[in-house]
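Asks:
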Amino acid sequence: MRRTACFLALLTATTLLCGCVERRFVIASDPPGSVVLVNNRPVGPTPADVPFVYYGNYHFTLVRDGYETLQVDQCVPPPWYEYPGLDFFAENLIPWTIRDVRRLNYPMQPIRNPSSNEIRDRAQDLRNRGAALGPLPPSGQ
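Residue numbering for the sequence shown is 173 to 313, as defined by this note's numbering.
#1: Between Leu234 and Gln243, what straight-line distance do the alpha-carbon atoms span, to the nearest angstrom?
#2: For Ile266, which option in Val210, Tyr253 and Arg274 has the closest C-alpha, if you only look at C-alpha atoms?
#3: Should Arg236 go down as buried or exposed, given a rule of 16 or more other Cβ atoms within 10 Å for buried?
#4: Of the choices Ile270, Leu305 and Thr241, whose alpha-carbon is the least far from that of Tyr278?
#5: Below 8 Å, can you find three or more Cβ-Cβ pairs linking the stretch 277–291 to the stretch 192–211?
#6: Please report the distance separating the alpha-carbon of Arg175 from that of Glu194.
#7: Could you check whether Arg196 and Phe232 sit closer than 8 Å to each other, using their CB atoms as the reference points?
#8: Mapping DSSP to helix, strand and coil, what is Tyr253?
#9: Within the continuous alpha helix (DSSP H) that includes Arg299, where are the two ends?
#10: My assumption, with CB atoms under 8 Å, is that Tyr150 sits in contact with Pro249. Please give the rounded CB distance.
#11: So, is Val273 buried or exposed, given that buried needs 16 or more other C-beta atoms within 10 angstroms?
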């Protein structure tokens, strides 16, 4: 009976003291207020605070009027306590919450309007490449 009571007390204490890992991205941009998409899912304007579940590769898209759309493939490596074997203890047995906050800051470039000379040069280049292709064959062949 005493052994069972000790076991239940230990089980209850372990359950109440279970830890966990809280993972989040804090995504900022320069200028702030850009709309953020994480893996093509909109999450809101920057600075955005986004929880995540797994470590690995993420695709971030930042969009803002007057700026070039920024697409970033970001690798998020796991910390040492998330390696196989250690992760069980970090997520279940440590009696406090581990907070893993990844702060990501992305500068955005303003849209550059090409000059009329650049547009004219590109158009002439396309004309020259089209002329080099030659005439189209008749449609019946």
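Just so you know, even glycine gets a beta-carbon here, dropped at the ideal spot from N, CA and C.
Replies: On the basis of the data shown:
#1: Within the model, the alpha-carbon separation for Leu234 versus Gln243 is close to 7 Å.
#2: Tyr253
#3: buried
#4: Thr241
#5: yes
#6: 35 Å
#7: no
#8: helix
#9: Ser288 to Leu305
#10: The structure shown does not extend to residue 150, since the chain spans only 173 to 313, so no value can be given for it.
#11: exposed
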